[in-house]
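Shown next, in structure tokens, is the structure this report addresses.
Number of protein chains: 2
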Amino acid sequence: MSGGVPPGLSFSEWQAAGFDATACPVRNVLDRIGDKWTALTLSALAERPRRFSELHRIIPDISKRMLTQTLRGLERDGLATRHVFPTKPPSVEYRLSPLGRTVLPPLGGLVAWAAENFPEIRRARARFDAMPETGGE
Amino acid sequence: MSGGVPPGLSFSEWQAAGFDATACPVRNVLDRIGDKWTALTLSALAERPRRFSELHRIIPDISKRMLTQTLRGLERDGLATRHVFPTKPPSVEYRLSPLGRTVLPPLGGLVAWAAENFPEIRRARARFDAMPETGGE
DNA sequence: GAGACCAGGTCTTATTTAGAGACTGATATC
DNA sequence: GATATCAGTCTCTAAATAAGACCTGGTCTC
């Protein structure tokens, strides 16, 4: 056996299968959820559907432009849906699609890992940054 | 109950705990593994330790600059270690640290999700892109 | 009638990120 | 003696990403 590499993470598998970076699912997915606001937006929508202005209020510092862009990205990938209610002041609701819901468990796993190990990462960073970069002599 | 939101992903929790984006573990972690080469590098190191040139050969299209930068990032965060062997042509080996190993399962979960759902995401994209952006009349 | 709210669009900068390619210096091969 | 390997560094440029400010149009309030 190969020593505990989770299935799907085996590099040689990818290579053997003829790795194509542009079509790589992982690259594609990480490009989306790895951007500045998507993970946050996703988790804001995880609890319940929300309206545009509501999201804008609760997500700290996001600009309307970025919020629109993030939501369009989620919509384009089929992770969220957009519902327009033609009320007097227009109201638009965003909600996670069934597909969008399925990403929550794996994403949650990573979030849990991050929360759990961030202290150690910070210590590692502090150590690394304190190291002398130019060896004295 | 809140309807199946994984623990740690609850937005209201974060808000209640006084969300600070700069210190946010999730943002920090996603910034690292969400970049262009880190996930790939991580999975190349998952199987076994590798030397710099070896990584450079097997990771398609990465430049030395990016490879160095990616490895430094992993080293800085304590996810990988660097071992220099002062042989005649110098040889440097990179290997995952114990901490680095612990990220493989959650990362693997996301990779599996990506692989499994990418076809559907692509269909969603095709649908979205085929939609008339300016409603005719 | 001046302004605010809704959900954005647009336009112009910054900042960040990535890439290409030349250079290092010691050894080793041809 | 020209060239290659090793593990990088360096500079410069290009591309992607994000921020900020202002604009829309209809209704609603003051």
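From first to last, the protein sequence lines are chains A and B.
For the first sequence, the numbering used here assigns the number -3 to the initial residue and increments by one for each residue that follows.
For the second sequence, the numbering used here assigns the number -3 to the initial residue and increments by one for each residue that follows.
We put the CB at the ideal spot given by N, CA and C, even for glycine.
1. Taking Cβ-Cβ distances below 8 Å as the criterion, which residues of the segment 81 to 109 of chain A are in contact with chain B?
2. Going by DSSP in three states, S59 of chain B sits in which element: helix, strand or coil?
3. Using 8 Å as the threshold, is the segment 17 to 27 of chain A in touch with the segment 51 to 59 of chain A, meaning 3 or more CB pairs across them?
4. Locate the beta strand (DSSP E) running through S87 of chain A, then write down its first and last residues.
5. I'd like the ranges of any alpha helix (DSSP H) spanning at least 4 consecutive residues and lying wholly in the segment 26 to 83 of chain B.
6. Helix or strand or just coil, what does DSSP make of D16 of chain A?
7. So what's G0 of chain B in DSSP terms, helix, strand or just coil?
8. How about G131 of chain A: is its C-beta nearer than 8 Å to some C-beta of chain B?
9. Count the other CB atoms, across all protein chains shown, that sit within 10 Å of the CB of P115 of chain A; report buried if there are 16 or more and exposed otherwise.
10. May I ask you to list, following chain order, the residues of the segment 110 to 121 of chain B that have a beta carbon less than 7 Å from some beta carbon of chain A?
11. Please state whether DSSP places P115 of chain B in a helix, a strand or coil.
12. Does DSSP put S8 of chain B in a helix, in a strand, or in coil?
13. Between A:K84, A:M127, A:T37, which lies nearest to L75 of chain A when the distance is taken from Cα to Cα?
14. Below 6 Å CB to CB, which residues in the same chain sit around P160 of chain B once its five sequence neighbours on both sides are set aside?
15. Would you say E43 of chain B lies against chain A (beta-carbon separation less than 8 Å)?
16. Taking a contact to mean a Cβ-Cβ separation below 8 Å, would you say R134 of chain A touches D73 of chain B in this structure?
17. How is P21 of chain B classed by DSSP in three states: helix, strand or coil?
18. Below 9 Å on C-beta distance, what does A124 of chain B contact in chain A?
19. Taking Cβ-Cβ distances shorter than 8 Å, what residues in chain A pair up with P3 of chain B?
20. Evaluate P3 of chain A with the Cβ neighbour count: other Cβ atoms within 10 Å of its Cβ, from every protein chain shown; 16 or more gives buried, anything less gives exposed.
21. Taking its Cβ as the centre, do 16 or more other Cβ atoms sit within 10 Å of R68 of chain A, making it buried, or is it exposed?
22. Helix, strand or coil, according to DSSP, for P102 of chain B in the structure here?
23. Whole angstroms is fine: what's the gap from L100 of chain B's alpha carbon to D57 of chain A's?
24. Let me confirm a value: F81 of chain A is counted as buried when at least 16 other C-beta atoms fall within 10 Å, else exposed. Which label applies?
25. Are the beta-carbon atoms of L103 of chain B and A35 of chain B separated by less than 8 Å?
26. Take R78 of chain A and list the residues in its own chain whose beta-carbon comes closer than 8 Å to its own, dropping the five residues that flank it on each side.
Let me lay it out:
1. L95, R97, T98, V99, L100, P101, P102, L103, G104, G105, L106, V107, A108, W109
2. coil
3. no
4. 87 to 92
5. 34 to 43, 48 to 54, 60 to 72
6. coil
7. coil
8. The predicted position of G131 of chain A is uncertain, since its pLDDT is 46 and thus under 50; a value taken from the coordinates is nonetheless stated next. No, G131 of chain A does not count as interfacial toward chain B.
9. exposed
10. A110, A111, N113, F114, E116, I117, A120, R121
11. helix
12. helix
13. A:T37
14. No statement about residue 160 of chain B is possible, as the shown extent of chain B runs from -3 to 133 and does not include it.
15. yes
16. Not covered by the structure: residue 134 of chain A. The range shown for chain A is -3 to 133.
17. helix
18. One point to set straight first is that residue 124 of chain B is Phe, not Ala, in the sequence displayed. Within chain A, the residues near F124 of chain B are R68, E71, R72, D73, G74.
19. G104, A108
20. exposed
21. exposed
22. helix
23. 32 Å
24. exposed
25. yes
26. L67, E71, V88, E89, Y90
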